[in-house]
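Taking it in order: structure first as structure tokens, then the write-up.
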Amino acid sequence: MHAVDCLTGALQSILAEEGLAWPEKTVIEPPRDPRHGDLSSNVAMLLAKPAKKNPRELAQTIAEKLCAARPDIAHAEAAGPGFCNVTFTEAFWHALVPEIEAQGDRYGDTTGGSGKKVLLEYVSANPTGPLHIGHGRGAAVGDSLARLLRRAGYTVDTEYYINDAGRQMRLLGVSVWLRAKELHGMKVTWPEDYYHGDYIIDIAREMLAKDPALCELPDDEGRERCYEYAMNEILDGIKADMKDFRVEHKRFFSEKSLVDGHAVDAAFAALGKAGYTYDKDGAFWFATQQLGDDKDRVLRKQDGSLTYFATDIAYHHDKFERGYDWLIDVWGADHHGYIPRMRAAIQAMGREQASFDVVLIQLVNLIKDGKPVGMSTRAGTFETLHDVVAEVGTDASRFMFLSRKSDSPLDFDLDVVKQRNLENPVYYVQYAHARICAVLRRAAERGIRLPDVTDAALLAPLSTPEDLALLRKAAEFGNMLAQAAQALAVHHVSRYLSDLAGMLHSYYAKQQVIVADDEVVTRARLALLRAIAQVVRNGLDVLGVTAPDQM
RNA sequence: GCGCCUGUAGCUCAGAUGGAUAGAGCAGGAGCCUUCUAAGCUCUUGGUCAGGGGUUCGAUUCCCUUCAGGCGCACCA
1 MHAVDCLTGA LQSILAEEGL AWPEKTVIEP PRDPRHGDLS SNVAMLLAKP
51 AKKNPRELAQ TIAEKLCAAR PDIAHAEAAG PGFCNVTFTE AFWHALVPEI
101 EAQGDRYGDT TGGSGKKVLL EYVSANPTGP LHIGHGRGAA VGDSLARLLR
151 RAGYTVDTEY YINDAGRQMR LLGVSVWLRA KELHGMKVTW PEDYYHGDYI
201 IDIAREMLAK DPALCELPDD EGRERCYEYA MNEILDGIKA DMKDFRVEHK
251 RFFSEKSLVD GHAVDAAFAA LGKAGYTYDK DGAFWFATQQ LGDDKDRVLR
301 KQDGSLTYFA TDIAYHHDKF ERGYDWLIDV WGADHHGYIP RMRAAIQAMG
351 REQASFDVVL IQLVNLIKDG KPVGMSTRAG TFETLHDVVA EVGTDASRFM
401 FLSRKSDSPL DFDLDVVKQR NLENPVYYVQ YAHARICAVL RRAAERGIRL
451 PDVTDAALLA PLSTPEDLAL LRKAAEFGNM LAQAAQALAV HHVSRYLSDL
501 AGMLHSYYAK QQVIVADDEV VTRARLALLR AIAQVVRNGL DVLGVTAPDQ
551 M
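Taking the working numbering, the leading residue of the first sequence gets 1, the next gets one more, and so forth.
Dropping the structure here:
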């Protein structure tokens, strides 16, 4: 909101008159308690100490001068131990409505990111099985972060990293191959680690149907064939699930392509140039310990193959080479121990620590009939994202995933998410939007029309505490988005929306919008609500949740 | 053993870089539908911010420590 900006100039000159410097820290901010006005400042406390002044007197002086400087937009008064509270005029708040109307879908967007190029990587699940609900949380967070950062002025690309070069994928091939042979009536011995799960059998059956002679292939070729077919099949399924979940990736990036190309060599060269690599015990090492890790890590094993870490370094090196300024990875929280070594790699590449961030996604506990449902891909007892979305819908599940700090565990109670009442916050928020739309429709039926962009005269009747409370909340929107972006915390958005929706419902119960004999008031309130609906829409858009016109 | 995260109302959780009397929702109690969607609203009960130290004008927030949970410590991915 431009509220702070409006007063900054005036405040600066007042401080100059008093012979005081503008403090480095933010001086005015919205107070926690609305009783303290619209903006509150502890400037007196911040300044009184170094300037050796009495905080109460200083607050008083600043308040008086501020009133005198901008009587058109604000009233200020000294309060408490050195606080200076500012209250804006009604007209100031009314001006927000045309602002929202003019900016429409872009209301709340800011330019703080100044076009910085961001690459967000999320999901990146091994294509060895369908996405489960834990992946869903990462997907929702990653996708919404992309939307959030775009609104905050960043240029955002998104990627899914496919681990198609490692052991897990070989295992997938073996699992399908053996299933196929089994289905063909051949006797097979199962290795210790293999993928159970019905989808493996389905894929094997499908392959046999297409090629009955499959099992006559030699083991090597059969495994390879199965691996490739299964991976593509599963990846297609993953893509379809994400599409249903409204999650997008601009690119799918293959680990294999790093190994096949020169990306790994280039990354190794970069690390070597900085003097962080060495040979020991027949392996090739990266001295991460010098860079804050617990111990040094192997890049190329004794048997000549690359570690996961090695290709991952190459991947991140490649991301930077492609011109991205800020890499954000969304990982499962169980990988948090991996962060120090990745940070070490970033540093060894000569990149800023601030150019790499990891958003950790904690466990999702799926609860059904009051009991937790286990989920292990290997054991095949998972609850898939597909099943969950089919049961409760994309909107409800996305909102649920995004309503808590991603770094803390989440109980996903199917019975709650399915509910269509206020216990399920997504309905509460969507209902606010639908309600406004219903009122607007009703008004239109009665022939009440609003211009696309309203003006001060039309909005002048907005003067009840409820009117102004809604405007104040709507004014916070852009600031909230910017802060959420900076903190990489999407849950601020869902919380904000719940609050805003609550205020709207309260408003609706208290204030009749369409007043039969007073079209002046009616038009003002309709304009207000139309603007609020726009804010709700924009907020839901960040979450990737729809804003229905009626429910 | 080392490292990371968590601990806020009976339950699920917010509290953004220290600020005024710690907030929501659910659950419990009492009310509101012959005007715009009751999928809603209003009021109310409920707290030693895990315990203890420290830093300062001031701490739920920062530092140390104890306790209780979760996770991670591979030439796996």
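Think of the CB as a built atom: it goes at the ideal place given N, C-alpha and C, for glycine as much as any other residue.
Report the partner residues of residue i according to the DSSP bridge assignment.
| i | result |
| --- | --- |
| A76 | V86 |
| P372 | I367 |
| F356 | L327 |
| K117 | T155 |
| I361 | G332 |
| H132 | T384 |
| A283 | K280 |
| V176 | Per DSSP, none; premise fails for V176. |
| R300 | F284, L306 |
Do you know offhand how far residue i's Cα is from residue j's?
| i | j | result |
| --- | --- | --- |
| I448 | V515 | 11 Å |
| K418 | E445 | 34 Å |
| M400 | F412 | 7 Å |
| F253 | A125 | 12 Å |
| Y496 | L504 | 12 Å |
| D72 | H36 | 20 Å |
| T522 | L131 | 50 Å |
| L171 | T111 | 47 Å |
| W285 | V264 | 14 Å |
| D557 | F268 | An answer regarding residue 557 cannot be provided, because it is not within the stretch 1 to 551 covered by the chain. |
| E391 | A240 | 16 Å |
| V490 | E383 | 25 Å |
| C226 | Q302 | 28 Å |
| D318 | A487 | 26 Å |
| L529 | L471 | 10 Å |
| R420 | G185 | 50 Å |
| Q77 | L526 | Residue identity check: residue 77 is Glu in the sequence provided, not Gln. Their Cα atoms are separated by approximately 33 Å. |
| N479 | L148 | 12 Å |
| G275 | G350 | 12 Å |
| L543 | A533 | 15 Å |
| T26 | Q168 | For T26, the pLDDT reaches just 48, beneath the cut-off of 50, and the residue's location in the model is therefore unreliable, although a value from the coordinates is still provided. Their backbone Cα atoms lie some 51 Å apart in a straight line. |
| T61 | P31 | 20 Å |
| V388 | A396 | 10 Å |
| G282 | A314 | 21 Å |
| G370 | K473 | 37 Å |
| F53 | C6 | Before going further, note that residue 53 is Lys rather than Phe in the sequence given. Computed Cα separation, rounded: 26 Å. |
| V536 | V429 | 8 Å |
| E182 | E228 | 19 Å |
| L217 | E224 | 10 Å |
| S406 | H335 | 14 Å |
| A484 | A146 | 12 Å |
So residue i is in the beta strand (DSSP E); what residue range does that whole segment cover?
| i | result |
| --- | --- |
| R251 | 251-254 |
| V156 | 155-162 |
| W190 | Careful: W190 lies outside any beta strand (DSSP E) and carries neither H nor E. |
| V521 | Not the beta strand (DSSP E): V521 falls in the alpha helix (DSSP H), residues 519-543. |
| V123 | That residue, V123, is in no beta strand (DSSP E); it is neither H nor E in DSSP. |
| L488 | Careful: L488 lies outside any beta strand (DSSP E) and carries neither H nor E. |
| D411 | 410-413 |
What first and last residue would you give for the alpha helix (DSSP H) that runs through residue i?
| i | result |
| --- | --- |
| D312 | 308-321 |
| K280 | Taken as a continuous stretch (DSSP letters only), K280 belongs to no alpha helix (DSSP H), being part of the beta strand (DSSP E) at 277-280. |
| S506 | 491-510 |
| S397 | 394-401 |
| M342 | 339-348 |
| K53 | That residue, K53, is in no alpha helix (DSSP H); it is neither H nor E in DSSP. |
| E18 | Taken as a continuous stretch (DSSP letters only), E18 belongs to no alpha helix (DSSP H), as it is neither H nor E. |
| Q103 | 96-103 |
| D198 | 198-210 |
(message) Could you check whether the segment 89-98 touches the segment 127-136, counting it as contact only if at least three pairs of C-beta atoms, one from each stretch, sit closer than 8 Å?
(response) no
(message) Counting beta carbon pairs with one atom in the segment 289-303 and one in the segment 317-326, are three or more of them shorter than 8 Å?
(response) Taking a cut-off of 8 Å on C-beta distances, the segment 317-326 does not touch the segment 289-303, as fewer than three cross pairs fall below it.
(request) List in chain order: all unbroken alpha helix (DSSP H) runs of 4+ residues lying wholly within the segment 214-277. (result) Segments of the alpha helix (DSSP H) lying fully in the segment 214-277: 219-244, 255-260, 263-273.
(message) Ignoring anything shorter than 4 residues, give me the alpha helix (DSSP H) runs that lie fully in the segment 436-482, in order along the chain.
(response) You should have 456-459.
(message) For the pair the segment 505-512 and the segment 461-471, tell me if three or more CB-CB distances fall below 8 Å.
(response) yes
(message) Count Cβ pairs between the segment 148-160 and the segment 209-229 that sit closer than 8 Å; are there 3 or more?
(response) no
(request) Please confirm if the segment 351-363 is in contact with the segment 325-337, defined as three or more CB-CB distances below 8 Å between the two stretches. (result) yes
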